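Trainee:
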Amino acid sequence: MGLWQLLLFWGLSQVWASSEGPAENFTFRALQISSFVNSSWVLTDCSGWLGELQTHSWCHDSDALRFLLPWSLGNFSEQQWEDLLQLFQFYLLKFQRLVHGFVRMLRGDYPIEIQVCAGCKVNSGSTTETFLLAAYQGNDALSFQGNSWRPAPEAPPWTALITNGLNQDEVTTEMAQHLLRETCPQLVLGLVEAGKAELEKKEKPVAWLSRGPTPGPDRLLLVCRVSGFYPKPVWVTWLRGEQEQPGSRRGDVLPNADGTWYLRVTLDVAAGEAAGLSCRVKHSSLGGQDIVLYWEAEHRVSVGWIISAVVVFLLVLIVGFMTWRKRRRFNEDIL
Ligand SMILES: *[C@@H]1O[C@H](CO)[C@@H](O)[C@H](O)[C@H]1NC(C)=O
Ligand SMILES: *[C@@H]1O[C@H](CO)[C@@H](O)[C@H](O)[C@H]1NC(C)=O
Ligand SMILES: *[C@@H]1O[C@H](CO)[C@@H](O)[C@H](O)[C@H]1NC(C)=O
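Everything in the sequence shown is counted per our numbering, starting at 40 for the first residue and increasing by one.
Here it is, written out as structure tokens:
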């Protein structure tokens, strides 16, 4: 390899390394759940999420937008929030009327549950992806793509009637586009800036292995516990060598009292096959240095503990015996 090629190669690898830096994507999701109990009764709850963190909530019985974190205002002014809330109230009325209208048109039955998820993902290269999806009775029904509504692939045939209806309403379509493409990314950037300290917070996990209740004769339940990590996304699995064990059972990620998270991943194995298995933990706080705990090693550690305990016990006995002998000799000397 010539010097030029070497230099070029070095240069490219530098570019590669720097472009691989802390590239992060931030997604904002607004979720709406509306239960249409009957032709006049609707319950709607909404929430706003930046990644895994809930930032906003709106509930039908207070009709107030609540800012859940100290930085939930982002960089929007109170006036901007006021305008957004008004727009939202206008949308909600229109949405309810529209759904009741479709139910009448299609002779549908109540109760109905509709979920809407809308938002944007701002990528590190500051490109933006937007999404707006609606589900009917828990199944994907339609989505807004580009500048029009489309039925979801598995949606019932009547969904096309609804998307056609919605596509004729140009004002709402343009409004949706504006909110998704302009307002949402600005909100995200403002939130990320205002919430920097909390979003950049990282807590390293602690992991340990133990044995769970025996699942059956000649079987072992290996338990890998991971606790104290932040943020929430974590990857934990049981491996043999580099091979992921398909039987790994992942629990729910549960909150600790201090705002960090906890996770338990178990593996049910034949007693003879536990040796050589390991639990691997990947987390953003670890900077690529995964935690790897070997079942065998853990086992050896416990054997080590037993040996130490026995040694300490013997030492105590010997010291005790010698003191006792000394004292006896002392007593004998006195007598
Ligand atoms: C961010 O999103 C882009 C495009 O979706 C993806 O290629 C990239 O891997 C993502 N980066 C991270 C850190 O998730
Ligand atoms: C709708 O349901 C509510 C609550 O169950 C009830 O009070 C109301 O009378 C119902 N309205 C109609 C039109 O059935
Ligand atoms: C909020 O910050 C974003 C990104 O820095 C910017 O594009 C937007 O104009 C800001 N909005 C206000 C109201 O300052």
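We put the beta carbon where it would ideally sit given N, CA and C, even for glycine.
Note that the coordinates shown come from a computational prediction; the quantities given were computed from them, not determined experimentally.
(1) Closer than 7 angstroms to a non-hydrogen atom of ligand 3 - does that hold for the CB of residue 118?
(2) Which full runs of the alpha helix (DSSP H) of 4+ residues lie inside the stretch 232–303, going along the chain?
(3) Using only CA atoms, which one of 181, 229, 311 lies nearest to residue 256?
(4) Let me confirm a value: residue 182 is counted as buried when at least 16 other C-beta atoms fall within 10 Å, else exposed. Which label applies?
(5) Just to check, is the beta-carbon of residue 228 closer than 7 angstroms to a non-hydrogen atom of ligand 3?
(6) Where does residue 272 land, buried or exposed, given buried means 16+ other C-beta within 10 angstroms?
(7) Excluding five sequence neighbours on each side, which residues of the same chain lie with their C-beta closer than 7 angstroms to the C-beta of residue 364?
(8) Candidates 117, 362, 177, 319: which alpha carbon is nearest residue 284's?
(9) Quick test of the definition: if touching needs 3 or more C-beta pairs under 8 angstroms, does the stretch 61–80 touch the stretch 246–260?
(10) Report buried or exposed for residue 317, applying the criterion of at least 16 other Cβ atoms within 10 angstroms of its Cβ.
(11) What are the boundary residues of the alpha helix (DSSP H) that residue 199 is part of?
(12) Taking residue 70 as the reference, which of 229, 109, 155, 103 has the closest Cα?
(13) Any idea which residues DSSP pairs residue 87 with across the strands?
(14) In the DSSP output, what is residue 186 paired with across the bridge?
(15) So does residue 138 have its beta carbon nearer than 7 angstroms to some heavy atom of ligand 2?
(16) Report whether the distance from the Cβ of residue 178 to the nearest heavy atom of ligand 3 is below 7 angstroms.
(17) Looking at residue 238 and residue 231, is the spacing between their C-beta atoms short of 8 angstroms?
(18) Do you know offhand how far residue 4's Cα is from residue 114's?
Mentor: This is what the structure gives:
(1) Counted from its first residue, the sequence shown places residue 118 at position 79. At a cut-off of 7 angstroms, the beta-carbon of residue 118 does not count as near ligand 3: no heavy atom of the ligand is closer than that.
(2) Qualifying alpha helix (DSSP H) stretches, in chain order: 235–239.
(3) Counted from its first residue, the sequence shown places residue 256 at position 217. Cα-wise, what sits closest to residue 256 is 311.
(4) As a first step, residue 182 must be located in the sequence shown, where it is residue number 143. By the neighbour-count definition (other C-beta atoms within 10 Å, threshold 16), residue 182 is a buried residue.
(5) If you number the sequence shown from 1, residue 228 lands on position 189. For residue 228, the distance from the CB to the nearest heavy atom of ligand 3 is below 7 angstroms.
(6) Taking the first residue of the sequence shown as 1, we reach residue 272 at position 233. Counting Cβ neighbours within 10 Å, residue 272 comes out exposed, since fewer than 16 surround it.
(7) Working through the sequence shown from its first residue, we reach residue 364 at position 325. Same-chain partners within the cutoff: there are none.
(8) Residue mapping note: residue 284 aligns to position 245 of the sequence shown, counting from 1. Among 117, 362, 177, 319, the Cα nearest to that of residue 284 belongs to 319.
(9) Judged by Cβ distances under 8 angstroms, the stretch 61–80 makes no contact with the stretch 246–260, as fewer than three pairs qualify.
(10) Position 278 of the sequence shown, counted from the start, is the residue given in the question as residue 317. Around the beta carbon of residue 317, 16 or more other beta carbons lie within 10 angstroms, which makes this residue buried.
(11) Within the sequence shown, the letter at position 160 stands for residue 199. Membership of residue 199 in the alpha helix (DSSP H) is indicated by the continuous run 198–206.
(12) Taking the sequence shown and counting its residues from 1, the one referred to as residue 70 is at position 31. Nearest neighbour of residue 70 by Cα position, chosen from 229, 109, 155, 103, turns out to be 155.
(13) Translated into the one-based positions of the sequence shown, residue 87 becomes position 48. Answer by DSSP bridge pairing, in chain order: 69, 95.
(14) Residue mapping note: residue 186 aligns to position 147 of the sequence shown, counting from 1. BP columns for residue 186 are empty, so no partner.
(15) Within the sequence shown, residue 138 is the residue found at index 99, counting from 1. For residue 138, the shortest C-beta to heavy atom distance toward ligand 2 is 7 angstroms or greater.
(16) Start at 1 with the first residue of the sequence shown, and residue 178 comes out as number 139. False, no ligand heavy atom lies under 7 angstroms from that Cβ.
(17) Along the sequence shown, read from residue 1 onward, the residue named residue 231 stands at position 192. Along the sequence shown, read from residue 1 onward, the residue named residue 238 stands at position 199. Less than 8 angstroms separates the beta-carbon of residue 231 from that of residue 238.
(18) There is simply no residue 4 to check, as the chain begins at 40 and stops at 374 in what is shown.
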